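Here's the structure, in structure tokens; my notes come after.
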Amino acid sequence: MAGLGKEMEIRVDQLARVEGEGGVYLKIKDGRAEYVEVSIFEPPRFFEVILKGRPYLDAPDITARICGICPLAYIMSSARAMEKILGIEVPNEIYRLRRIAYLGEWIESHVLHIALLHAPDFLGFQSALHMAEKHPDIVKDSLSLKAWGNQVIELVGGRPVHPVAFRVGGVYSAVSRHRLLQLLKKVEVMKRKARKLLDFVLSLPIPDVKYTMNYASLRNGVRYPILEGKVVTSNGLVFDEEEFEKYVMTEQMKYSTSLRYKLKEGGAYIVGPFARYNLNFDLLMPEVKDILKEAGYEPPLKNTYQSIIARAAEVYHSVIELEDLIATYKEPDPPYIDAEPREGEAAAITEAPRGMLYHRYRLNNEGKIVYANIVAPTCQNYAAMEEDIKKIVPLLLGRSEEDAKWLVEQTIRNYDPCISCSVHTLRIKIIKE
Amino acid sequence: MKGKKVKIAVYKFSSCDGCQLQFLNMEEELLDLAERVEFSYFLEANREVKPGPYDIAFVEGSISTPHEEELIKQARKDSKILVAIGACATAGGIQALRNWGKLSEFKEAVYPNPEWIEALDKAHPISDYVKVDYELRGCPVSKERLLSFVKQVLLGKKPYLRRDSLCMECKRKGNVCVVVAYGLPCLGSVTQEGCGALCPAFGRGCYGCFGPSQDPQPLRLAAVFENLGLSEEEISLKFKTFTGWSESFRKVVNRYGRIR
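In order, the protein sequences belong to chains W and A. Heads up: the first sequence runs through residues 1 to 433, numbered per our numbering. Heads up: the second sequence runs through residues 434 to 693, numbered per our numbering.
Here's what the structure looks like:
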């Protein structure tokens, strides 16, 4: 079959190995991208409107349903925003319990993406089950690592998908120290598996591209960011989570049910492991940093195909940090802080596995939600995904159509897009093409 | 169904992906399972799509766009057994809460160009469109129940599904009754079991994510909630969550929410 010419159309009708429904259309002219469209046709689900009139306590349970892969992220961003409105400051024990569960979600979600959804691309397998025929150990190890991450969430929250224990102010009841310590029985094995997964990812053939891209993540300067921090960007912006909407702009495209966010100053930007790694490398566990430095991946990464490396680094970091958090765990007593309902408005950002997840709410004096706005990570990565596809056109030329399509898909998967999240849908202002 | 691998299709409609994720959450069992079944159509996990007919189709999500209306009919044609999994597929799910409002108003409240957004007036459970052979409930569906269902089919059995109320599961587990002990509103007595009675175990009332049990008495329970001191609006909202659009819970939502 002849290779891809200088004038060509590539169409991926249904993106596989992503969470949700999407497609890609790319038109190449004179060897360059003339037009690119990442279409997201996930049906709109109108969460912000559904939340209106409901008590503030409902927000974590309801917004969790935006995404079955990262429900904790939704629970945590909504809980934190509500706590700001109600003037609740959670004690350290609750903060640490949240971080434990959240790290469990990072492991579960990241390993799912690395081993089951993304690594098969680098090695040319249709799926992880195909990959398991050639690389059974890495797939088995990953599955058990993922299971351990899920077990963390299950012990703290009751179940890995849409856990039930979390609420505004803390948890309905806290896992006993005795039960949580069970996780440590396997922690040495899990550290080895996470290390092996990182080594495996470092051995993958990574397409060679290099370009400048804006990226943004939380940063608190104390620990690798999950639950708190200022927003920092690669082009030098630093701002409070409350100011997020002042710094971004929103676009609606005809071909998509998801909105697209850009930085007013800087345009397309990346969120997620790639951004967190570049902006918070100093806060990774020393043993993780050492491996990456030795392998030549000191930040900043400039190739988004290397996001899989950042993701694997975060998995290894998470297991190591969990060992300490679990070993020193004290049951929070009381398990949650209550408050009288009051009127107010606040925003909160936490670091979902895929990047910054922004929630803003306004409550009336009965504690009912009168306004909600949610910005998922994939909406923020959307513009960067389209930019990336334009930039890899030189890599596509000369490939068979099937191969070219596959590389386009792989490029999208660098972002671990969660299309279900991106189209929970929201309030917006602008844009005609 | 011995010898040949059982062909499984996993479809997604309007949903959060959490139910189909339960297949991948089988983790340690997944590779063993893959020796007996073939995931012929499972876009979340596999690029390769094999044509039907499929032995079992697991369907996640509700039907909320014209496109989905067409796709579910095709899925039914391509499948021998069709199983609706999760609250969205079996009861419309959380997005069915919009069924109480007007779509045009939702779209306008949300999109600057509402005319670009294609959606049906309501979010529907799968059974509004095609014959559903089995329902596996939950938000999310239980991984253990999902696996047990597949195993029963592999053994050539007619799958057996429990439909007791959550109260039974709670008693078996030895949970303290949160209604009796703490006066909390709990939907357990009218909700189908299957989650492991999680919410009461964590000291909170069940929020009904497995939907109505067999012959539930939700209006009786609503009267109990009145005695606990809940307002009519609060009672309506208790039933108006992940399975609020189910016929049985809808009655309470409407009566206590003073909706027609």
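Ideal placement from N, C-alpha and C gives every residue a C-beta, glycine not left out. Note that the structure is predicted; figures quoted are calculated from it, not measured.
- Secondary structure of residue 240/W (DSSP, three-state): coil.
- Residue range 665-672 is occupied by the alpha helix (DSSP H) that includes residue 669/A.
- If the five residues before and after residue 578/A are omitted, its C-beta is found closer than 7 Å to the C-beta atoms of 569, 627, all from its own chain and listed in chain order.
- For residue 687/A, none of the residues of chain W pass the 9 Å Cβ criterion, the least Cβ distance being about 16 Å.
- Within its own chain, the residues whose Cβ lies closer than 7 Å to the Cβ of residue 284/W, once the five positions on either side in sequence are excluded, are 224, 313, 317, listed in chain order.
- Counting only runs of 3+ residues, no beta strand (DSSP E) is found wholly inside the stretch 34-74 of chain W.
- Neighbours of residue 48/W in chain A, taken as residues at a C-beta separation under 9 Å, are given in chain order as 542, 543.
- Each residue's CA atom was taken as its position, placing residue 401/W and residue 257/W some 27 Å apart.
- Counting only Cβ-Cβ distances below 8 Å, residue 572/A has contacts in chain W at 65, 162, in chain order.
- Collapsing the DSSP output to three states places residue 125/W in coil.
- Looking at 465/A, 685/A, 486/A, the one whose alpha-carbon comes closest to that of residue 474/A is 486/A.
- When Cβ-Cβ separations below 8 Å define contact, residue 197/W makes no contact with chain A.
- In the structure shown, the three-state DSSP call for residue 164/W is coil.
- 8 Å or more divides the Cβ of residue 287/W from the Cβ of residue 326/W.
- Across the set 68/W, 39/W, 238/W, 382/W, the C-alpha of 68/W shows the shortest separation from the C-alpha of residue 445/A.
- In the same chain as residue 557/A, and ignoring 5 residues on each side of it, the C-beta atoms closer than 8 Å to its own belong to 495, 496, 497, 525, 529, in chain order.
- Under the 8 Å Cβ criterion, the stretch 500-518 of chain A does not count as touching the stretch 51-68 of chain W, having fewer than three qualifying pairs.
- Legend: CB atoms of the stretch 514-532 of chain A lying less than 7 Å from CB atoms of chain W belong to residues 527, 528, 530, 531.
- When CB distances to chain A are screened at a threshold of 7 Å, not a single residue of the stretch 313-335 of chain W falls below it.
- Between residue 229/W and residue 615/A, the alpha-carbon positions lie close to 38 Å from each other.
- Taking a C-beta distance under 8 Å as the contact criterion, residue 464/A and residue 64/W do not qualify as a contact pair.
- Among the bridge pairs identified by DSSP, residue 479/A is matched with 127/W.
- For residue 676/A, no alpha helix (DSSP H) segment is defined, and its DSSP state is neither H nor E.
- Burial check for residue 624/A: the Cβ neighbour count within 10 Å reaches 16 or more, so the residue is buried.
- As summarised for the stretch 191-263 of chain W, the continuous alpha helix (DSSP H) elements at least 4 residues long and confined to that stretch are 244-247, given in chain order.
- Contact check between the stretch 83-102 of chain W and the stretch 155-172 of chain W: three or more CB pairs, one atom from each, fall below 8 Å, which counts as touching.
- Residue 507/A is classed as exposed because its beta carbon has fewer than 16 other beta carbons within 10 Å across all chains shown.
- The contact set of residue 678/A on chain W, defined by CB atoms closer than 7 Å, is empty, because the minimum CB distance reaches about 12 Å.
- Within the same chain, and ignoring the five residues on either side of residue 280/W in sequence, the residues whose Cβ sits closer than 7 Å to its Cβ are 217, 219, 224, 225.
- The beta carbons of residue 611/A and residue 617/A sit closer together than 8 Å.
- If you compare the alpha carbons of 157/W, 76/W, 371/W, 175/W with that of residue 48/W, the shortest gap goes to 371/W.
- Among the residues of chain A, those whose CB is under 8 Å from the CB of residue 62/W are 527, 674, following chain order.
- In the DSSP assignment, residue 81/W is bridged to no other residue.
- Per the C-alpha coordinates, the member of 175/W, 35/W, 108/W, 113/W positioned closest to residue 387/W is 35/W.
- Within the stretch 617-651 of chain A, the runs of alpha helix (DSSP H) that reach at least 4 residues and sit entirely inside it are, in chain order, 631-634.
- About 4 Å separates the CB atoms of residue 149/W and residue 108/W; that is less than 8 Å, so the two are in contact.
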